[in-house]
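Residue numbers for the sequence shown follow the working numbering, so the first one is -6 and each next one is one higher.
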Amino acid sequence: LYLENPSRSRLGYIKKIKRKFNIVLSESFITRWFHTIGPFKGTMCLTSVFPPNRDSSRVSELSNDYGEFIAEVKDHRRLVFADENLFDGKDIFDAVRRDPITGEVPHL
């Protein structure tokens, strides 16, 4: 169920397990299970659009594209930048559950 939808809520797990296996579980059971099933706690956390690998070829491509875009702008006074730090992550992205086995946060 986790692999189908890492952003599934505890209530979503309860409904899906009840429908699929006819087993009734509590929300606290789901939380305890994700916290103890693997070496990492499967907590809900915000995902990032930027993977942790900052030195990847994809990040280099994006940097080059940005540089080319800026170079083509004739009047730089027309540029307006939005700082992503002003946005609250929960307003932009849904929370997903950390993989309790690998500890990785899926990128949506």
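Positions of the beta carbon are idealized from the N, C-alpha and C atoms, including for glycine.
C-beta contact flag for residue i and residue j at 9 Å
i: F22; j: D92; result: no
i: R3; j: C38; result: no
In DSSP terms, what residue i is bridged to
i: R90; result: M37
C-alpha gap between residue i and residue j, whole angstroms
i: S56; j: K67; result: 19 Å
i: S0; j: Y6; result: 10 Å
i: T29; j: R12; result: 24 Å
i: E65; j: N(-2); result: 41 Å
The alpha helix (DSSP H) enclosing residue i, as first and last residue numbers
i: V52; result: S50 to E65
i: H28; result: E20 to T29
i: L4; result: R3 to F14
Residue burial classification, residue i (beta-carbon count within 10 angstroms, cutoff 16)
i: F14; result: exposed
i: F80; result: Reliability fails at F80, whose pLDDT of 48 lies under 50, so the model's placement of it is uncertain and no value is given.
i: V52; result: exposed
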